[in-house]
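In my numbering, the protein residues as written are 46 to 325. C-beta atoms are modelled at their ideal positions from N, C-alpha and C, and glycine is treated no differently. Here's the structure, in structure tokens; my notes come after.
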């Protein structure tokens, strides 16, 4: 039976601050569904754009498709932000519980953990959205060289995204799970980084005004949402990898058994009958 060390009772406070596992799973599930729906809505829009090249669409259909894309995008943004906040709270509380349980001080402040996990992608998306608005309101469309320059500038904040990987690896090593979760953690981080870069590209190119540019941006949005969905599913694998081994439960269990060895100083009982000669 597992037992919690009373000397590490302080970890119980940190665990009480951790969002319930059900809430984290719900946030991940809702985010995955929202991203999938957003990708589907943009796929329908792309099909309508293809049909519109040879057949004039009813203006209600065109406006409804554009409105659905906007609503789906806003819902996806809200879901991703909510999921990120829940996971950030889980990471901070889990690290606090793990460090306390093993009698080690937390090496990162809460502000550092929050900034390292949320600030890089948030800054990149805000910058990309600003560029998209400027391009959409300009009188002429930007060339591909200028677009590429904007994408590079907007992706610069993502260079700081390495801290999210560092924080998770530190937690895995503290709990002695890194060897088991190494592939899952690195796969999650690479998918998350690729998804962020693709989302920035899709946001910057959303200012296209010609038919071909709009179609290209719609395809970019579909790819961005699918990559974001893959990143969320990878995040779920990382989360479940940690939840499979609670902080208070040791990775190895020691079972105490009775010592059935015999004392060599005690001679074995005689096998001969009483009064008989000893056996040869």
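CA-to-CA distance, residue j to residue i, given in whole angstroms
i	j	result
residue 139	residue 278	20 Å
residue 54	residue 220	No answer about residue 54 holds up, because its pLDDT of 43 lies below 50 and its placement is not dependable.
residue 92	residue 109	14 Å
residue 249	residue 271	18 Å
residue 183	residue 72	38 Å
residue 233	residue 127	19 Å
residue 64	residue 132	8 Å
residue 88	residue 172	26 Å
residue 295	residue 84	Only weak support is given to the placement of residue 295: the predicted model assigns it a pLDDT of 45, under 50, and the question is left unresolved by the model.
residue 288	residue 141	15 Å
residue 191	residue 119	27 Å
Three-state secondary structure assigned by DSSP to residue i
i	result
residue 301	Confidence is the limiting factor: at residue 301 the pLDDT is only 48, short of 50, which leaves the residue's position unreliable, though a coordinate-based value still follows. Here residue 301 sits in coil by DSSP.
residue 101	coil
residue 63	coil
residue 290	coil
residue 220	coil
residue 183	coil
residue 81	helix
Buried or exposed (CB count within 10 angstroms, at least 16 for buried), residue i
i	result
residue 124	buried
residue 245	buried
residue 263	buried
residue 99	exposed
residue 193	exposed
residue 189	exposed
residue 90	buried
residue 112	exposed
residue 213	buried
residue 154	exposed
residue 101	exposed
residue 152	exposed
residue 224	exposed
residue 166	buried
residue 86	buried
Delimiting residues of the alpha helix (DSSP H) encompassing residue i
i	result
residue 254	First-last for residue 254: undefined, no H or E at that position.
residue 152	Careful: residue 152 lies outside any alpha helix (DSSP H) and carries neither H nor E.
residue 326	Nothing about residue 326 can be reported from this structure: the residues present for the chain run from 46 to 325 only.
residue 194	189-200
Cβ-heavy atom distance, residue i to the ligand SAH, below 7 Å
i	result
residue 212	The model on display carries no ligand, and the ligand SAH is accordingly not part of it.
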